[in-house]
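Number of protein chains: 2
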Amino acid sequence: MQAKALLKEHVLKIASITDEEFDYFFSHFKPETFKKGQSIISEGDVVDKEYFVIDGCLKAFFVNDEVKMYILQFAMPTWWASDYAALYNKTKATINVDCVSDAAILSLSNSDREKICSELHQAEHFFRWRTNKGYVAAQKRLLSFMNNDTKTRYEELLVLYPALYNTVPKHLIAAYLGVSRETLSRLYNSSK
Amino acid sequence: MQAKALLKEHVLKIASITDEEFDYFFSHFKPETFKKGQSIISEGDVVDKEYFVIDGCLKAFFVNDEVKMYILQFAMPTWWASDYAALYNKTKATINVDCVSDAAILSLSNSDREKICSELHQAEHFFRWRTNKGYVAAQKRLLSFMNNDTKTRYEELLVLYPALYNTVPKHLIAAYLGVSRETLSRLYNSSK
DNA sequence: TTCATTACGTGATGTAGATCACATTCGTAA
DNA sequence: TTACGAATGTGATCTACATCACGTAATGAA
Numbered sequence: 028m029q030a031k032a033l034l035k036e037h038v039l040k041i042a043s044i045t046d047e048e049f050d051y052f053f054s055h056f057k058p059e060t061f062k063k064g065q066s067i068i069s070e071g072d073v074v075d076k077e078y079f080v081i082d083g084c085l086k087a088f089f090v091n092d093e094v095k096m097y098i099l100q101f102a103m104p105t106w107w108a109s110d111y112a113a114l115y116n117k118t119k120a121t122i123n124v125d126c127v128s129d130a131a132i133l134s135l136s137n138s139d140r141e142k143i144c145s146e147l148h149q150a151e152h153f154f155r156w157r158t159n160k161g162y163v164a165a166q167k168r169l170l171s172f173m174n175n176d177t178k179t180r181y182e183e184l185l186v187l188y189p190a191l192y193n194t195v196p197k198h199l200i201a202a203y204l205g206v207s208r209e210t211l212s213r214l215y216n217s218s219k
Numbered sequence: 028m029q030a031k032a033l034l035k036e037h038v039l040k041i042a043s044i045t046d047e048e049f050d051y052f053f054s055h056f057k058p059e060t061f062k063k064g065q066s067i068i069s070e071g072d073v074v075d076k077e078y079f080v081i082d083g084c085l086k087a088f089f090v091n092d093e094v095k096m097y098i099l100q101f102a103m104p105t106w107w108a109s110d111y112a113a114l115y116n117k118t119k120a121t122i123n124v125d126c127v128s129d130a131a132i133l134s135l136s137n138s139d140r141e142k143i144c145s146e147l148h149q150a151e152h153f154f155r156w157r158t159n160k161g162y163v164a165a166q167k168r169l170l171s172f173m174n175n176d177t178k179t180r181y182e183e184l185l186v187l188y189p190a191l192y193n194t195v196p197k198h199l200i201a202a203y204l205g206v207s208r209e210t211l212s213r214l215y216n217s218s219k
């Protein structure tokens, strides 16, 4: 699907916006393409944009001192990604974002988002609800981390991201679940 | 501090709002008081309101099938609490909210929030940023869960909620950290 | 096609934290 | 003031998962 049509459909699920308003809204987005493995945000970068995925898959992840990687989020088409802590607070990136596959995205700068939010009430409405949903999802995942064992979280992951199974390397799945790749391997080989 | 002044100060940190607009905004909030131990939202309830804490401390928590409790959030003065998944999706509560101490709060119904957000652009702006901050905090906590051991998370907690230490029962601290009370006890008795 | 890198599987062992069990102290209501 | 339930401390086990170590299979660039 065309980038513009995909974003429009996405926005209309939340906000009432006229065709002219959407054209204006859309004019602030910039199409970009990336290759598999390419980095979009690296730790230490100044973060000025957030990204709406049209095609492909991104991952947002953190790497600790022992070079262990934790994946906060996979971003599939119609999902958003950035280092939001850095973007909102104007601090340097601590989260990385890169491409799990070739990807087509739309980028939106922080200042343009604030500009269209102040100019268009419905844009502000849209972004409020987008984050509301993100907040609920983050809280749900946190709870799952506290309450569920690895096997259960693995099964939840397959429901949330069915397209990931047999698509991305297993060690990325492990990094999302917060377990070692060895544990994940033993888990899905023994449990069926 | 007066409830109205506290909320006003809180809103003005994020949004530009005139005195008249704030008066209108505030008119949708309803003051309520609760006793220590009293329940505000119970699992299975219809959730229609969110709560802004004026005084005291609330906890938002989940109880699993084995009757083990996990605390998602403590809410201190100027913090908000509810079962947002239930509130936003109009589903039954899966999260409980109750009072760690006697508490004074302001309640705001879902429909009144949406009403003032549509009537007042600055209200929509305020709630967008409130949730933005909540989202970033939730993500940060998730990361801490994946990356840090219990002792580190315990020390983070003391920074985030210094008032909690020596104020709330230790088993609640344990329920926030996601460890057993025994483990927490050993931790802070051995580590100094 | 070859070679190197990355992904994946699996055994052996170590460890943080859960669970169970019980003793002690504290807080609050009568 | 007493008394009873809640909160806390601490030892003895048990277990899920990490880590290390190594071998094999798949992938991708020259």
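Protein chains in written order, with our numbering: chain A, 28 to 219; chain B, 28 to 219.
Just so you know, even glycine gets a beta-carbon here, dropped at the ideal spot from N, CA and C.
Quick caveat, the model's predicted, so the values are computed rather than measured.
For a contact defined as C-beta to C-beta under 8 Å, what are the partners of residue i on chain A?
i, result
"asparagine 174 (chain B)", "Phe89, Asn91, Lys95, Tyr97"
"tyrosine 188 (chain B)", "The premise fails here: tyrosine 188 (chain B) is roughly 16 Å from chain A at the closest Cβ pair, so nothing lies under 8 Å."
"tyrosine 111 (chain B)", "Asn159, Tyr162, Val163, Gln166"
Look up residue i in the DSSP assignment and say whether it is helix, strand or coil.
i, result
"threonine 179 (chain B)", "helix"
"aspartate 139 (chain B)", "helix"
"serine 66 (chain B)", "strand"
"threonine 210 (chain A)", "helix"
"valine 94 (chain B)", "coil"
"serine 128 (chain B)", "coil"
"serine 171 (chain B)", "helix"
"leucine 191 (chain A)", "helix"
"lysine 40 (chain B)", "coil"
"glycine 205 (chain B)", "coil"
"glutamine 149 (chain B)", "helix"
"glutamine 166 (chain B)", "helix"
Decide if residue i is buried, meaning its Cβ has at least 16 other Cβ atoms within 10 Å, or exposed.
i, result
"tyrosine 192 (chain A)", "exposed"
"glutamate 182 (chain A)", "exposed"
"aspartate 46 (chain A)", "exposed"
"asparagine 216 (chain B)", "exposed"
"threonine 27 (chain A)", "No answer is possible for residue 27 (chain A): the residues shown for chain A start at 28 and end at 219."
"serine 109 (chain B)", "buried"
"leucine 39 (chain B)", "exposed"
"leucine 185 (chain A)", "exposed"
"glutamate 36 (chain A)", "exposed"
"glutamine 65 (chain A)", "exposed"
"glutamine 29 (chain A)", "exposed"
"asparagine 116 (chain B)", "exposed"
"arginine 168 (chain A)", "buried"
On the DSSP bridge list, what partners appear for residue i?
i, result
"asparagine 123 (chain B)", "B:Phe88"
"tryptophan 156 (chain B)", "Looking at the DSSP assignment, tryptophan 156 (chain B) forms no beta bridge with any residue, so it has no partner."
"valine 73 (chain B)", "B:Lys119"
"glutamine 100 (chain A)", "A:Ala87"
"proline 58 (chain A)", "A:Leu133"
"tryptophan 107 (chain B)", "B:Phe79"
Against residue i, what residues of chain A qualify as contacts under a CB-to-CB distance less than 7 Å, listed in chain order?
i, result
"leucine 211 (chain B)", "Per Cβ cutoff of 7 Å: no residues; leucine 211 (chain B) is ~14 Å from chain A at best."
Give the interface partners of residue i over in chain B, defined as CB-CB distance under 7 Å, in chain order.
i, result
"glutamate 151 (chain A)", "His148, Glu151, His152, Arg155"
Note down, in chain order, every chain B residue with its Cβ under 9 Å from the Cβ of residue i.
i, result
"alanine 30 (chain A)", "Within chain B, no residue comes near alanine 30 (chain A); the closest Cβ sits about 24 Å away, beyond 9 Å."
"glycine 83 (chain A)", "By Cβ distance, chain B contributes nothing, its closest Cβ being about 22 Å from glycine 83 (chain A), past 9 Å."
Exercise. Mind listing which residues of the region 49-78 of chain B have their C-beta closer than 7 Å to chain A's C-betas, in chain order?
Worked result: none
Exercise. At a Cβ cut of 7 Å, what residues of the region 115-127 of chain B count as close to chain A, listed as they run along the chain?
Worked result: Tyr115
Exercise. Which residues, in chain order, does the region 156-170 of chain A contribute to contact with chain B at a C-beta distance below 8 Å?
Worked result: Thr158, Asn159, Lys160, Gly161, Tyr162, Val163, Ala165, Gln166, Lys167, Arg168, Leu169, Leu170
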